[in-house]
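Below: one structure, written as structure tokens.
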């Protein structure tokens, strides 16, 4: 019974998958949507109960309190034994709340957003499947089971990015996401293989015990394992150089971008590193790499976000950049800060995406239906403040939180990360600071372009506020964004102490007033700069960006450092060339050519012999006679020798 | 009981032969009944199978050619039990899916299909080398005719190539079998394995067997008969070829090479592993360049079968068990994919992927089933392919970390070519107006693939019975061969 | 004479001559007669060996061979007649095809 | 030189001469007659080899019935004069090669005889090979072949009739 309760957060959405996949065709939109949403709400409720029960347990038992095994092994071959085992500890319980909570809000929002879509039921099947998979990832007690969730969320991402698959671009974006993720996943798998070979176990508890017990002797192996796991994280959490899939993933419906590509799935890498922090801490060299990659990603993506026109692409690069902050925190060993930022980011980035979805929805559905213009291009927007007052307010809250304006949630979590960076790793601190400047600037730019000034297209002029079913989740998320900072206030550190059994020692420190002041200044300055530069932009038919005066620097940002082009030219083209070379030249010409060549040779010899077999009996006779004479001769010789 | 399973289809074939030519319906029913009966009896065999036992069970032994100590001996152990089940399961499915693909000479077709079932079952169950060889060669004949008579445009080329290539491979095996049987004075596999010290390190004999088997598998670079045979064969032929016939080769590698020549296996394992890994990557890369759906899946078989050989020659518990499971997995998912492509071919009479696009919008159920099979083939966790691949990789990683790492790259490549395959046919917009009239699959077609898909989930989520049935036998095989016991 | 070997030698020579006849003549009848010669030489060898070992079995074989030869001649000649009717020729070189 | 040997040599010479005559005679008719002569010579040799029954059968069945059949066919087909067909171009090597090989075969036989005949054991005691004993052996030890050969003869007879029947 206890077991069933523990895994019911996973089972509820799975039930939704089953019902909607089989009966969805015969159910109304309302029934489908509410069923799916309520099941996730139920999941959230159970998670809350479990969270409370866990909180009631004595602190030193919290790591083991929620360890359950279903008793049936999933894989058992030779020495390899992987049970269906789950672990609810402070870390996973927190994550479960985020996943089911934000997930439930986004489910409800989607009822409005996806209204009228011909594949409405399928959308909710995917969303429910995603929640279930994400919970498997979060609750798994072993590397391999975590990998199951890890891959399944990738599958959901693939399916949802390509949800409107009749447009080949969406399908291609989905495939790109899956393949790039798979590259990281292979590293993850290799890490698992090496873990098993080194420690003979795959459950976290056993492996961590092994790390602690064997210390020095496995240091090299642990360094290799963590590096491989981290490469896995760069795929899922969109860190350079594997971040290229995330901007394209915006092809999916906007609720998907909010749930999967901002709030939950992409944070799996950070969660995984926090989960396996024992190993990462035993591998300082990997940690240095992690911190640097995270900080570089924050900078690179933040810089790219400066010049994007697509409302969702800005947010996508912003997500990558913020994920960079979290990864850097993990690299610095500041897992609490990383998880804190993960949670607040889930709030405000989900909020931003859903608000952006509300904007897009308004642009699409209330403007001209035969618009040639792109409803996601911010140059077509402007002045939406008056048309979409509620959306504007919540977007503003989210934006300010993202920029790091106190006292919103983003300010506190970002502050903790940079404080750790300042203490431990100056280059990372510098990179993150510059990135924070970029963040504030592009937030200001986005706010101005979308909501201020005059409407710059018919779509914007006719935009109307979204229905309540969409705005209600926005309000909830906005509230969470405002209050989220309270989770881990400097000097109080509730979240930190809560998580510390799972992610290691934590000690809160009072607010560093100087640093906080500096970052408040940065936030406000960046916003102001964005405001000033874009206040009058795009009003004329001339749609060039004011920043384009920066020349190559602008182009670098606009083209996302040319990384996509580089991958296209080298990796993709190279693979195509290799593939067609192997298929046509080596396989058909070479290997099959040899086979057929042998065949032709045989036929040639046969033809030559066949001429002797023209049907002339006397010719056969002579051949026989030759054989007879040869045999007799042979026996004569053998006989002679025998004597 | 095993003889009953083996020869029930043969009886069915005889009945089909004497039926009048016009009684197509009766022929289908007889074929279906015969193959279903074999399946049901094999379920009984499974129920009576003791999983904890390592040796052969349900053995039936009889003298056949006493002058040379050749016997009729069949039996099943943990290595062959699931292959037996796979075979008896797939034939009814294929026969159920046949009416859509086969419209001419039905009598010959069903008779040959049933003969084929007897032959393949015989291969998996025979415990006498000579008997094994008889079944092995006999399995070639029906497939030759099925490709050659009911195949596509280049069917004659493909069938002759298939026949000669595989025949050439097994010629050496016959020599080796005769040599060993005469030397040891018995053809009984158990007794031969018990005295394998006679040839344990004989690489020549090893190769004589291995060449026959790797051609059948097929291992790179002996694969070039496969794309032609698969592409030209009618749908049921492709399914059987992929799901059952290829397994004969991999099964042979375990049953003969590993147990009879352990020392030679160890010496040549690096070579086999290298070829397997090259095959994994090569098959995947070449698959990507194909424009014909069936050819693409055929090359994917080359890649997937590479995993199986990799597992076998890891020469450890995990590798061999993973390989055995992966044989079943490959039979399910690739067999299923061939059926899926067959459904489309029956509707549009082309397999050129460029002529499709957006099919999922027209055929929602079909698209969903195809996606599951594609994902199973890609190796997505919770489906069967992942379990097999992971266990193989874990075994291979213990044997050789570098090659295993290269093999793991196959997971990326399989995602690349299979998702591309899916995208070209099912996603995007239709590229040919002929697609507009496509209708979704009916319940009969769905029902035919349903068992395969259900098993994909079962193995993916609950592989315990599959592994536990084989572990004792694999353990004793490796133990007897003095190999690593991990 | 205390050995049957000269008979065997003679048998071999006759056999070789028969072979030569089969090979150098093109008339089906002649070839057929040469074959009879070969059979006959084999018979001679058998009888010689029977004498050598003082047993009857060799002679029995010859008896059977003669019977078979009679049957063979009957059928063979019938075939030659049939072919001659169809082709107006008894030249074996004209019969290089395996069809009528 | 014993009289036996002398007799053998004379008859052997006749047999070889007859064989050669058959080989190289232009006319099929003559060839058949040469063959009968050869058969007769061999029949005499059978007598020398203590096979009187076979000698009689040889004359009556072989030289008599079979060769008469040959003569009938030769005359029936009017093929007693054999035309000189041109040698086919591809077969020009055939005839010389055949002769050479046949000669080699003879030489080999003679060589074996010359080298080994001295080592041959002496002949055994002659057994009774009269018709009575032959008949007994045939019915006792060789009953099954005897029956089979009867069927073969019957089949051959029917076959010959069927083959030559006018449609």
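Residue numbers (this note's numbering), protein chains in the order written: chain U, 1 to 643; chain D, 1 to 486; chain Z, 1 to 100; chain C, 1 to 167.
Just so you know, even glycine gets a beta-carbon here, dropped at the ideal spot from N, CA and C.
Quiz item: Can you check whether the CB of residue 448 of chain U is closer than 9 Å to the CB of residue 535 of chain U?
Solution: yes
Quiz item: From which residue to which residue does the beta strand (DSSP E) around residue 30 of chain D run?
Solution: No beta strand (DSSP E) contains residue 30 of chain D, which is instead part of the alpha helix (DSSP H) from 24-47.
Quiz item: Where do the N-terminal and C-terminal ends of the beta strand (DSSP E) with residue 652 of chain U fall, by residue?
Solution: Residue coverage of chain U in this structure runs from 1 to 643, which leaves residue 652 of chain U outside it and unanswerable.
Practice problem: Starting from the N-terminal side, write out each stretch of the alpha helix (DSSP H) that is 4 residues or longer and does not extend beyond the region 330-390 of chain D. | Solution: 359-362, 364-378
Quiz prompt | residue 203 of chain U and residue 282 of chain U closer than 9 Å at C-beta | solution = no
Quiz prompt | Beta-carbon proximity check, residue 92 of chain Z vs residue 98 of chain C, cutoff 9 Å | solution = no
Self-check item: Backbone secondary structure at residue 400 of chain D - three-state DSSP
Solution: In the structure shown, residue 400 of chain D falls within a coil segment according to DSSP collapsed to helix, strand and coil.
Quiz prompt | Inter-residue CB distance, residue 7 of chain U and residue 221 of chain D (contact presumed, cutoff 8 Å) | solution = Not a contact, Cβ separation roughly 48 Å.
Exercise. Measure the CB-CB distance between residue 471 of chain D and residue 326 of chain D and report whether it falls below 9 Å.
Key: no
Quiz prompt | residue 91 of chain D, DSSP secondary structure in three states | solution = helix
Quiz item: Measuring CA to CA, which of D/450, D/94, D/320 is closest to residue 237 of chain D?
Solution: D/94
Self-check item: Any chain C beta carbon closer than 9 Å to residue 606 of chain U
Solution: no
Quiz item: Just to confirm, are residue 27 of chain Z and residue 122 of chain C a CB contact at a threshold of 9 Å?
Solution: no
Practice problem: Kindly identify the DSSP beta-bridge partner or partners of residue 604 of chain U. | Solution: None; residue 604 of chain U has no bridge partner.
Self-check item: Counterpart residues of residue 203 of chain U in DSSP-defined beta bridges
Solution: Assignment of beta-bridge partners to residue 203 of chain U by DSSP yields U/142.
Exercise. Can you pull the chain U residues whose beta carbon is under 7 Å from the beta carbon of residue 104 of chain C, in chain order?
Key: Contacts between residue 104 of chain C and chain U, judged by CB atoms closer than 7 Å, involve 629 in chain order.
Quiz item: Going along the chain, which residues of its own chain have a beta-carbon closer than 8 Å to the beta-carbon of residue 391 of chain U, five neighbours each way excluded?
Solution: 355, 358, 359, 362, 384, 465, 466, 471, 474
Quiz prompt | Beta-carbon proximity check, residue 473 of chain D vs residue 128 of chain D, cutoff 9 Å | solution = no
Quiz item: Among all the DSSP beta bridges, which residues are the ones paired with residue 72 of chain D?
Solution: D/62
Practice problem: Identify which residue in C/63, C/103, C/56 has its Cα closest to the Cα of residue 625 of chain U. | Solution: Residue C/103 is the option with its Cα nearest to residue 625 of chain U.
Quiz item: Where in the region 413-454 of chain U do unbroken runs of the alpha helix (DSSP H), each at least 4 residues long, occur, reported from the N-terminal end onward?
Solution: Entirely contained in the region 413-454 of chain U, the alpha helix (DSSP H) runs reaching 4 residues are, in chain order, 426-451.
Quiz item: Is the CB of residue 486 of chain D under 9 Å away from at least one CB in chain U?
Solution: With a pLDDT of 38 at residue 486 of chain D, under the threshold of 50, the modelled position of this residue cannot be trusted, and the question is left open.
Practice problem: Starting from residue 71 of chain U, follow the alpha helix (DSSP H) in both directions and report where the run begins and ends. | Solution: Where residue 71 of chain U is concerned, there is no enclosing alpha helix (DSSP H), although the beta strand (DSSP E) it sits in stretches over 66-77.
Self-check item: Delimiting residues of the alpha helix (DSSP H) encompassing residue 230 of chain U
Solution: 219-236
Quiz item: Given residue 347 of chain U, which residues of its chain have a CB within under 7 Å of its CB, disregarding the five upstream and five downstream residues?
Solution: 409, 477, 480, 481, 484
Quiz item: Which residues share a DSSP beta bridge with residue 646 of chain U?
Solution: No information on residue 646 of chain U is available, as it lies outside the stretch 1 to 643 that chain U covers here.
Quiz item: If you drop the 5 nearest sequence neighbours on each side, which residues of the same chain put their C-beta closer than 6 Å to that of residue 387 of chain U?
Solution: 463
Practice problem: Give the range of the alpha helix (DSSP H) segment to which residue 13 of chain C is assigned. | Solution: 3-24
Practice problem: Report yes if the CB atom of residue 522 of chain D is closer than 9 Å to the CB atom of residue 371 of chain D, and no otherwise. | Solution: Any answer about residue 522 of chain D is impossible in this case: the structure gives chain D only from 1 up to 486.
Quiz prompt | Contacting residues, own chain, Cβ-Cβ under 7 Å from residue 82 of chain U (five flanking each side not counted) | solution = Excluding sequence neighbours, residue 82 of chain U sits near 73, 74, 75, 142, 144, 145, 202.
Exercise. Out of D/335, D/245, D/282, D/321, state which residue places its alpha-carbon closest to the alpha-carbon of residue 511 of chain D.
Key: Nothing about residue 511 of chain D can be reported from this structure: the residues present for chain D run from 1 to 486 only.
Quiz item: From residue 356 of chain D to residue 342 of chain U, what distance separates their C-alpha atoms?
Solution: Rounded to the nearest angstrom, the two C-alpha atoms are 43 Å apart.
Exercise. Report, in whole angstroms, the separation of the C-beta atoms of residue 74 of chain Z and residue 160 of chain C, which I expect to be a contact under 8 Å.
Key: 4 Å
Exercise. Report the rounded CA-to-CA distance for residue 299 of chain U versus residue 337 of chain U, giving the unit in angstroms.
Key: 19 Å
Practice problem: Please confirm if residue 123 of chain C has its CB atom under 9 Å from at least one CB of chain Z. | Solution: yes
Quiz item: In chain order, what residues of the same chain have a beta carbon less than 6 Å from the beta carbon of residue 484 of chain D, not counting five sequence neighbours either side?
Solution: Residue placement at residue 484 of chain D is poorly supported in this model, since its pLDDT is 47, which falls under 50; the coordinates are not used for a value here.
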